[in-house]
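Working notes, structure below.
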Amino acid sequence: MKRDSLWEAYLKRGMSRRSFLKGCVALTSLMGLSTDMLSKVVEAAEKKPLPVVIWIHGHECTGCDESFIRSASPLASDVVLTTIALEYDHLLSAACGEPFEKHLDDTINKYNGNYILAVEGAVATKESGIHCMSGGHTFLHTLQKAAKGAAAIIAYGSCAAYGGIQAAKPNPTGSAGISHFVGGKTVVNVPGCPPIPEVMTGVVMHVALFGTLPPLDGDNRPKQFYGNRIHDTCYRRPFFDAGMFAETFDDAGSKAGWCLYKLGCRGPETYNSCGNLRWWQGMSYPIQSGAPCIGCSNKNFWDEAPFTDRLPKYGKIGDADKIGVGLGVLTAAGVGAHAVASIIQRNKRDDLTKEE
Ligand code: FSX
Ligand code: SF4
Ligand code: F3S
48 MKRDSLWEAY LKRGMSRRSF LKGCVALTSL MGLSTDMLSK VVEAAEKKPL
98 PVVIWIHGHE CTGCDESFIR SASPLASDVV LTTIALEYDH LLSAACGEPF
148 EKHLDDTINK YNGNYILAVE GAVATKESGI HCMSGGHTFL HTLQKAAKGA
198 AAIIAYGSCA AYGGIQAAKP NPTGSAGISH FVGGKTVVNV PGCPPIPEVM
248 TGVVMHVALF GTLPPLDGDN RPKQFYGNRI HDTCYRRPFF DAGMFAETFD
298 DAGSKAGWCL YKLGCRGPET YNSCGNLRWW QGMSYPIQSG APCIGCSNKN
348 FWDEAPFTDR LPKYGKIGDA DKIGVGLGVL TAAGVGAHAV ASIIQRNKRD
398 DLTKEE
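When you line the sequence shown up against my numbering, it's residues 48 to 403, in that order.
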């Protein structure tokens, strides 16, 4: 049976050409492509059949899926969960038992070489992998079976990418990221605990429309989303630059949005798009809710506790800026916005001083 293209799927659901084109604009950006590519995206979205996705879960907390299904992003929920064929998902499928497991085998055989494999969770290796099992098999077995015929493999979340909390010291289950177990195939890493749902949509649609992976960095992360530090897009950044730091979680500075660096914020050492995209249609992210970034997109971040202290290995306050300048990630726009924001913040600081 012929599979629908994105355009055909939109038509079947009674959606307008206008909303299809709007979706293509958003997808172009999510895929890390320039606007010059828009016509090619539209053309591919009109013609290319949408892919089958197999989504499996290993050693994890399911927070990644929670993030995904609660993203409230029409692109994430519509494109990935509704429009494309999500043939098998440990968490979201209503089916269970032997027929469900047989469906996995049937899907792997039927779409051999043509499906996208999305993986959440680490691989438990100790005691032959018995610490993480489903359907009578270890997760290691299921992963290797599904990885063999996959056209693309995506590690969604820090656990799948690097081992995450399951691999935290002393790592009693011998957990590790999935890239060690897929026969040398490229794994696209989408770290974060949980990660940002839109990144997943971008990767899936890039493979679907162009048959290739999006531009990746040296750690196989989509460049589009992991090119900047949290610190570079943080709305508290003007306070950092002005040397205005919250000293405790409930002091006046903390409430007024001052920088959380002294409370352990790992924003200067962490690459992700949380400050730009946020969750729940851009409503919030950790720093906005008053919690320092704990570096949840970094390798072995659970071993870097306590999260509320600056670790000596990251240097002193002045060093945080050198990291960014060295990498050339500050943009002119960022600097301009920073200058304006600094003036506003200085006025706020004056107000705060008056209140005290
Ligand atoms: Fe890990 Fe995800 Fe953190 Fe949880 O699937 S990245 S523990 S949010 O659920 O794997
Ligand atoms: Fe934002 Fe943290 Fe950087 Fe402060 S240290 S500006 S809170 S990312
Ligand atoms: Fe994680 Fe830091 Fe973003 S804790 S969610 S990388 S702000």
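Quick reminder that beta carbons are idealized off the backbone N, C-alpha and C, glycines included.
Model, not experiment: these values are computed from the prediction.
Which class does residue i belong to by DSSP, given the choice of helix, strand or coil?
{"i": "G381", "result": "Note that G381 scores 35 on pLDDT, short of 50, meaning its location in the model is unreliable and no value can be drawn from it."}
{"i": "Y318", "result": "strand"}
{"i": "N156", "result": "helix"}
{"i": "D136", "result": "strand"}
{"i": "L263", "result": "strand"}
{"i": "A214", "result": "helix"}
{"i": "V229", "result": "coil"}
{"i": "M180", "result": "strand"}
{"i": "T355", "result": "coil"}
{"i": "A338", "result": "coil"}
{"i": "F296", "result": "coil"}
{"i": "S52", "result": "strand"}
{"i": "P146", "result": "helix"}
{"i": "L58", "result": "helix"}
{"i": "P96", "result": "strand"}
{"i": "N236", "result": "strand"}
{"i": "W327", "result": "coil"}
{"i": "T109", "result": "coil"}
{"i": "R276", "result": "strand"}
{"i": "C306", "result": "strand"}
What is the rounded straight-line gap between the Cα of residue i and the Cα of residue j?
{"i": "V100", "j": "T295", "result": "46 Å"}
{"i": "P98", "j": "A207", "result": "22 Å"}
{"i": "E403", "j": "K302", "result": "Legend: pLDDT at E403 = 35, less than 50; position of this residue unreliable, value from coordinates given subsequently. Going from the Cα of E403 to the Cα of K302 covers about 13 Å."}
{"i": "C312", "j": "K59", "result": "47 Å"}
{"i": "G231", "j": "L80", "result": "27 Å"}
{"i": "I200", "j": "D298", "result": "45 Å"}
{"i": "S114", "j": "F354", "result": "22 Å"}
{"i": "T280", "j": "H253", "result": "25 Å"}
{"i": "G176", "j": "S222", "result": "9 Å"}
{"i": "Q213", "j": "Y158", "result": "32 Å"}
{"i": "S66", "j": "A73", "result": "11 Å"}
{"i": "K346", "j": "T189", "result": "24 Å"}
{"i": "M78", "j": "R268", "result": "12 Å"}
{"i": "G258", "j": "E351", "result": "38 Å"}
{"i": "K149", "j": "L138", "result": "16 Å"}
{"i": "Q328", "j": "S336", "result": "15 Å"}
{"i": "W349", "j": "D83", "result": "41 Å"}
{"i": "Y203", "j": "Q271", "result": "16 Å"}
{"i": "P244", "j": "N323", "result": "13 Å"}
For the ligand F3S, any of its heavy atoms closer than 8 Å to the Cβ of residue i?
{"i": "N236", "result": "no"}
{"i": "Y273", "result": "no"}
{"i": "T317", "result": "yes"}
{"i": "S344", "result": "yes"}
{"i": "G239", "result": "yes"}
{"i": "C179", "result": "no"}
{"i": "Y209", "result": "no"}
{"i": "G322", "result": "yes"}
{"i": "Y332", "result": "yes"}
In terms of DSSP beta bridges, what is residue i paired with?
{"i": "P333", "result": "Looking at the DSSP assignment, P333 forms no beta bridge with any residue, so it has no partner."}
{"i": "L164", "result": "I101 and I200"}
{"i": "F223", "result": "In the sequence under discussion, the amino acid at residue 223 is Ala, which differs from the Phe named in the question. A223 is bridged to V170."}
{"i": "P269", "result": "L263"}
Can you determine whether any heavy atom of the ligand FSX sits closer than 8 Å to the C-beta of residue i, and answer yes or no?
{"i": "C71", "result": "no"}
{"i": "S205", "result": "yes"}
{"i": "G110", "result": "yes"}
{"i": "E55", "result": "no"}
{"i": "E167", "result": "yes"}
{"i": "E107", "result": "yes"}
{"i": "H104", "result": "yes"}
{"i": "I212", "result": "yes"}
Subject >> Residues with C-beta closer than 7 Å to any heavy atom of the ligand SF4, in chain order >> reply: I277, H278, C281, R283, R284, F286, F287, C306, L307, Y308, C312, G314, P315, I334, P339, C340 and A367
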